[in-house]
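Worksheet: one structure, shown below.
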Amino acid sequence: MKLLSLFLTVLFFTLTATAQTNTISLQASGLTCSMCSNSINKSLKTLPFVESIKANIKTSTFDIAIKPGTVADYDLMKKKVEDAGFFVAKFLVTVPMAATDLKANSTVSFQDKRLRFINSPAAQNVAGDKQVRIVSKGFLSAKEAKKLKIPTSATPSKEYYVTI
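Residues 17 to 180 (the working numbering) make up the sequence shown, in order.
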């Protein structure tokens, strides 16, 4: 009985651990040198949920590993980039998804967030780790938001427009 109990406990924690964001790829705009990149890197490293960051100066991207068992705060990450004097140009999140039928304006709850899929192609079934792009205001350029026809209405707290 103890062995079964131990097995179920381990299984529960394994399933819980996989249901989190484990990587985020962030591209910043306005960088002109390695010192700019270093400024963002230092700022992001102060976040308690960030495990490690790999910066690519040529593409102005930061691949961020999230600590196991923690929840990434997308708005706080965006604020840290802005506080360093730059803007978020692209924000990609790897999301583990159970088998889900997606269509335009589908909403998926994920951790403490709601992801609203917009501009999705025809209905599709997705499962497994999927990379989604956050396209809410402040997570891409104004020009690109207009091009993608991102809704301008305010979204509730912790709700993000995303594309797949």
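Even glycine gets a Cβ: it sits at the ideal position worked out from N, Cα and C.
Under the rule that a run must span 4 or more residues, the alpha helix (DSSP H) segments found entirely inside the region 64-133 read 90-99.
Taken atom to atom, the span from the alpha-carbon of S68 to that of S59 is near 12 Å.
Contact between M113 and A143 holds: CB atoms are separated by about 6 Å, below the 8 Å threshold.
Beta-carbon to beta-carbon, S50 and T77 are separated by about 14 Å, too far to satisfy the 8 Å threshold.
Per DSSP, N54 lies in no beta strand (DSSP E); the unbroken alpha helix (DSSP H) holding it starts and ends at 50-61. When the Cα atoms are used, I134 and R149 turn out to be separated by approximately 10 Å.
Note that the C-beta distance between I180 and Q127 is not below 9 Å. Exclusion of the five residues before and after P167 leaves I134, Y177 as the residues of its chain whose Cβ lies within less than 8 Å of its Cβ.
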